[in-house]
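Read in order, the letters of the sequence shown correspond to residues 487 to 1140 in this note's numbering. Structure, as structure tokens:
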Amino acid sequence: MGDSIRLLICEDSDDDALLTARHLERGGLRVDYERADSARAVAEALAERPPDLVISDYHMPGFGAEGALALLRESGLDVPFILLSGRIGEELAAELMRAGAHDVVLKGRMARLVPVVRRELQQALARREQREAEARLLTTEQRLRLFAEHVPDVMFRCRLHPFVEVEYLSNAATAVFGRSPQDLCGDPRNLFRLVVPEDRAALRESWRSPTREPLAVRWRRPDGTEAWTEQRAVALRDDQGRVVAVEGILRDITDRVAADVQRDRLQQQLRQAERLESLGRLAGGIAHDFNNLLAVILGHAELALADTPVDATGRDDLEAVRRLAEGGSALIRQLLVFSRQGRRRPETLDVNAVVAETERVLRGVVGEDVELVTQLAPDLWPVTVDRGELERLLLNLVANSRRAMPNGGRLALETHNVDPCAPGAPAMVRLLVTDTGVGMPEEVAKRAFEPFFTTDSGSGTGLGLSAAYGVVKGVGGEIGLTSRPGAGTTVQIDLPARSDLPTRARFAAAGAEVRPEAPNGAASRCDGRGETVLVVEDDEDVRALVTRMLRRSGYRVVVAPSPAEALGIARAARPAVDLLVSDVVMPKMSGPELLSRIREFRPDLPTLLISGYSADTVPGSGPLPDRARLLRKPFSTAALLRAISDALARHTVP
């Protein structure tokens, strides 16, 4: 107590007040005192100059200790009040102690005053420090409670001993569990009813033996939705080491779990897409090799037929071989639907012809328990679209319809010409795909064209209808869907029509690709006039066949089994080459790469590329070069000669 004590002495005698102060100073206390002898003076001193200690005489004229003590209580100050009196009865002293006086000292026993003052000052200091600590604790608790009420994590405390009780849940419980903390506190069964049954045992065990390891818990909200939380809890133990309570947080990880599920789904779809891409490359490779075989079979059958009289024995067998080879070519071409990639190569097409050519494959997709019906409008206008994309579109739509008819049904493909409804609107070719399947509700139908949205329970990539949407929109068309549960689904596709080419006979006027003609196409041959053709083909059988076809038709043929040899022949210009016929895919150098090298010194060289792959793209080489024509294997002699004649006639120097 190094500082001076502010002392208020309630005394009507200056001498007695001075003696009291000096007695305290002789006892080692530094005193700064003020004397008051009336209620007004005491009240003013308490309010304006709060003392550390009040010492009061019992009786003063018009004022007494009872009044001074009452004024001290009214002031709210927690300071010691000591009664100092010459004589006072025990009964009166006890009454004053009950009223709030801290001690009574008789003037005849002044030796007690200093110890009493020291004791009461120390106790007052202890009470003040305790109040300050309690105030700080209250402030901290208020801040923590405010934090707990606003943090998105659910903070909890559960008593485990001597009985189990959920003592506290923060307000975040309402958002996470769908129930207020008041509904869930108390009986732990109120809370555990919301836990998914499979997770209850793990949650109970984590409370009995809390660890720092996070625990994922699923909760069932009253509205039926599911919430995921991640628990982190700590144990509170008593002196014997027994777990008496558990505290922790429950963090809402529902969005994170949903994102993980979505990521896993996308990764699965990516893996499936990669598998489909690999399957497409495999299909393309198989189709290429089979087309080489079919090209040789078909070519030799045609050459043999050309040398066989009409009434000769065995001609029917040769016709059957040619017919079957052409049928095999149509089947192999469907494999290329899966392997076509790269930029679009629109061509003028008859939708009816595409449907007819893919019908055999489509029937294999739908199976025997689904009736496939085609209703194709006569004189259908042509459209301009990438053939591979149109074939894939048909395949996707038919496959979707098949999945919608697990117990069989009817699938109809229809085509119509649609005249424009408004001035300036384009004419359309309409393709309808209608099934008698399970259909879909309105909310599902609205999302049918969204990427990765699928109505197949766990199957499919969800890209079928969205890919169809992209194809149709890419050519300026429209696509729509109507469906009702139990009443089937109809997909309507409108493609801009080429009304300037109303008949199929004029398709070739806008086509970029030479397509093999139908059987008996040899009627219109285009023989050569001694032009020199450089044939580059790594397959020996195909090379020999093409050479034989051209030489029989009046062309001079120079053969190169590899692009490197062909490059040397073309560079030497002996003999001068009038036309390049090259396979597309060859070891070390592709046909388009060879053409690019030759065009460095022969930019005017007419070129015909032949391939067992699709027309969309050249595997490993990108799109076809400009001004290069493509003939797809297998091809007839007439188709080869017509393609060569067309390349020679149409070619212009850049």
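Yeah, the Cβ is synthetic: ideal placement off N, Cα and C, and Gly gets one too.
Quick check on Asp1025: buried or exposed, where buried means 16 or more other Cβ atoms within 10 Å of its Cβ?
Counting from 1 along the sequence shown, the entry for residue 1025 is found at position 539. Label assigned to Asp1025: buried.
Sequence-distant residues of its chain with Cβ nearer than 6 Å to Asp523 (five each side left out)
Here residue 523 corresponds to residue number 37 of the sequence shown, with the count starting at 1. Counting only Cβ-Cβ distances below 6 Å, and skipping sequence neighbours, we find Asp498, Met546.
Look at the alpha carbon of Glu999 and the alpha carbon of Ile1096, and state the distance between them as a whole number of angstroms.
On the sequence shown, position 513 is the one that residue 999 refers to. On the sequence shown, position 610 is the one that residue 1096 refers to. Residue placement at Glu999 is flagged as unreliable, the pLDDT there being 42, under the threshold of 50; a coordinate-derived value is accordingly withheld.
Reference Arg849; option with closest CA among Val837, Pro906, Val884
The residue labelled residue 849 in the question sits at position 363 within the sequence shown. The shortest Cα separation from Arg849 among Val837, Pro906, Val884 belongs to Val884.
Quick one: what's got a C-beta closer than 8 Å to Leu515's C-beta in the same chain, skipping five residues either side?
What you label residue 515 is simply residue 29 of the sequence shown in a count that begins at 1. Same-chain partners within the cutoff: Met487, Ile491, Val600, Val603, Arg604.
Quick one, which of Thr920, Phe549, Thr799 has its alpha-carbon nearest Ser969's?
For this step, residue 969 is matched to residue 483 along the sequence shown. It is Thr920.
Provide the residue(s) that pair with Gly672 in DSSP beta bridges, ordered along the chain.
Reading the sequence shown from its first residue, position 186 is the one you call residue 672. Val652.
In this structure, how does DSSP classify Thr947 when only helix, strand and coil are distinguished?
Reading the sequence shown from its first residue, position 461 is the one you call residue 947. Only weak support exists for where Thr947 lies, its pLDDT of 38 falling under 50; the value from the coordinates is given anyway. In the structure shown, Thr947 sits in coil (DSSP, three-state: anything other than H, G, I, E or B).
Alpha helix (DSSP H) segments (min. 4 residues) lying fully within the region 1037–1065
1049–1058
With 16 other CB atoms within 10 Å as the buried threshold, where does Leu756 fall?
As a position in the sequence shown, residue 756 is number 270, starting the count at 1. Leu756 should be labelled exposed.
Would Val957 count as contacting chain D if we go by Cβ distances under 9 Å?
Of the chains in the structure shown, none is chain D; there is only one protein chain.
Ignore the nearest five residues each way along the sequence and tell me which others in Gly923's own chain have a CB closer than 7 Å to its CB.
As a first step, residue 923 must be located in the sequence shown, where it is residue number 437. Apart from the 5 residues on each side of it in sequence, Gly923 sits with its Cβ closer than 7 Å to the Cβ of Ser887, Ala890, Met891, Gly895, Gly974, Thr975 in its chain, given in chain order.
Starting from Ala835 and walking both ways along the beta strand (DSSP E), at which residues does that stretch end?
Residue 835 sits at position 349 when you count from the first residue of the sequence shown. Here residue 835 turns out to be Leu, not Ala, going by the sequence shown. 832–835 is the extent of the beta strand (DSSP E) around Leu835.
Using CA atoms only, rank isn't needed, just tell me which of Ile1130, Pro648, Thr794, Thr506 is closest to Leu1091.
Along the sequence shown, read from residue 1 onward, the residue named residue 1091 stands at position 605. Of Ile1130, Pro648, Thr794, Thr506, the residue nearest in Cα terms is Ile1130.
Quick check on the burial criterion: 16 or more other C-beta atoms within 10 angstroms. Buried or exposed for Asn676?
Here residue 676 refers to the residue found at position 190 when the sequence shown is read from its first residue. Exposed, by the Cβ-count rule.
For Gly734, the residue or residues it bridges with in DSSP
The residue you call residue 734 lines up with position 248 of the sequence shown. For Gly734, which the question treats as bridged, DSSP gives the partners Phe642, Ala719.
Note the first and the last residue of the continuous beta strand (DSSP E) segment covering Pro982.
Translated into positions along the sequence shown, residue 982 becomes position 496. Per DSSP, Pro982 belongs to the beta strand (DSSP E) from 975–982.
How big is the Cα-Cα spacing for Glu788 and Leu804?
Taking the first residue of the sequence shown as 1, we reach residue 788 at position 302. Taking the first residue of the sequence shown as 1, we reach residue 804 at position 318. Near 8 Å, if we compare the C-alpha coordinates of Leu804 and Glu788.
Kindly indicate which residue of Leu899, Arg1060, Asp872 has the alpha-carbon position closest to the one of Glu857.
Walking along the sequence shown from the start, residue 857 turns up at place 371. With distances taken between Cα atoms, Glu857 lies closest to Leu899.
Write down the C-beta distance between Trp693 and Val732 rounded to the nearest angstrom, noting that I regard them as a contact closer than 8 Å.
Along the sequence shown, read from residue 1 onward, the residue named residue 693 stands at position 207. Along the sequence shown, read from residue 1 onward, the residue named residue 732 stands at position 246. Correct: roughly 5 Å between the Cβ atoms.
Just to confirm my understanding: we take Arg686, look at its own chain, exclude 5 residues before and 5 after, and list those with CB closer than 8 Å. What are they?
Residue mapping note: residue 686 aligns to position 200 of the sequence shown, counting from 1. These residues qualify, in order along the chain: Phe678.
Kindly provide the ranges of any beta strand (DSSP E) runs that are 3 or more residues long and lie completely inside the region 572–642, ordered along the chain.
List check, beta strand (DSSP E) in window: 589–592.
Simplified DSSP state of Leu494, which is helix, strand or coil
Taking the sequence shown and counting its residues from 1, one reaches residue 494 at position 8. Three-state DSSP puts Leu494 in a strand.
Cβ atoms of Glu653 and Arg645: under 9 Å apart, would you say?
Counted from its first residue, the sequence shown places residue 645 at position 159. Counted from its first residue, the sequence shown places residue 653 at position 167. Cβ distance < 9 Å, so Arg645 and Glu653 count as in contact.
State yes or no: is the C-beta of Val1028 within less than 9 Å of the C-beta of Ser1068?
Locating residue 1028 in the sequence shown gives position 542, counting from the first residue. Locating residue 1068 in the sequence shown gives position 582, counting from the first residue. Cβ distance not < 9 Å, so Val1028 and Ser1068 don't count as in contact.
Taking Cβ to Cβ, would you say Val869 is nearer than 9 Å to Leu897?
The residue given as residue 869 occupies position 383 in the sequence shown. The residue given as residue 897 occupies position 411 in the sequence shown. Contact: no.
In this structure, does DSSP put Ser499 in helix, strand or coil?
By 1-based counting over the sequence shown, the position of residue 499 is 13. In the structure shown, Ser499 sits in coil (DSSP, three-state: anything other than H, G, I, E or B).
Same chain only: Cβ atoms within 6 Å of Leu494, ignoring 5 sequence neighbours per side
Your numbering for residue 494 matches position 8 in the sequence shown. Only residues of its own chain outside the window of five on either side were considered, and among them Glu520, Ala531, Pro537, Val540 have a CB closer than 6 Å to the CB of Leu494, listed in chain order.
Identify the continuous alpha helix (DSSP H) that holds Asp685 and give its terminal residues.
Along the sequence shown, one-based indexing puts residue 685 at 199. Unbroken alpha helix (DSSP H) run through Asp685: 683–694.
From the DSSP output, which residues share a beta bridge with Thr1093?
Residue 1093 sits at position 607 when you count from the first residue of the sequence shown. Looking at the DSSP assignment, Thr1093 forms a beta bridge with Leu1066.
What's the call for Gln717, buried or exposed, on a 16-neighbour Cβ count within 10 Å?
Taking the first residue of the sequence shown as position 1, residue 717 is located at position 231. Counting Cβ neighbours within 10 Å, Gln717 comes out buried, since at least 16 surround it.
Can you check DSSP and say which residues form a bridge with Arg704?
As a first step, residue 704 must be located in the sequence shown, where it is residue number 218. Arg704 is bridged to Trp714.
Given Val1044 as reference, the closest of Leu862, Ile1055, Glu964, Leu611 once Cα atoms are compared
Along the sequence shown, one-based indexing puts residue 1044 at 558. For the residues Leu862, Ile1055, Glu964, Leu611, the minimum Cα distance to Val1044 belongs to Ile1055.
If you run the structure through DSSP and keep just helix, strand and coil, what is Glu900?
Here the question's residue 900 lines up with position 414 in the sequence shown. Three-state DSSP puts Glu900 in a strand.
Rounded straight-line distance, which links the Cα of Leu670 to that of Val650:
For the purposes of this step, residue 650 is taken as residue 164 along the sequence shown, with counting starting at 1. For the purposes of this step, residue 670 is taken as residue 184 along the sequence shown, with counting starting at 1. So the two alpha carbons sit approximately 13 Å from each other.
Could you please give the first and the last residue of the uninterrupted alpha helix (DSSP H) stretch that includes Arg873?
In the sequence shown, residue 873 corresponds to position 387, counting from 1. Its alpha helix (DSSP H) spans residues 873–889.
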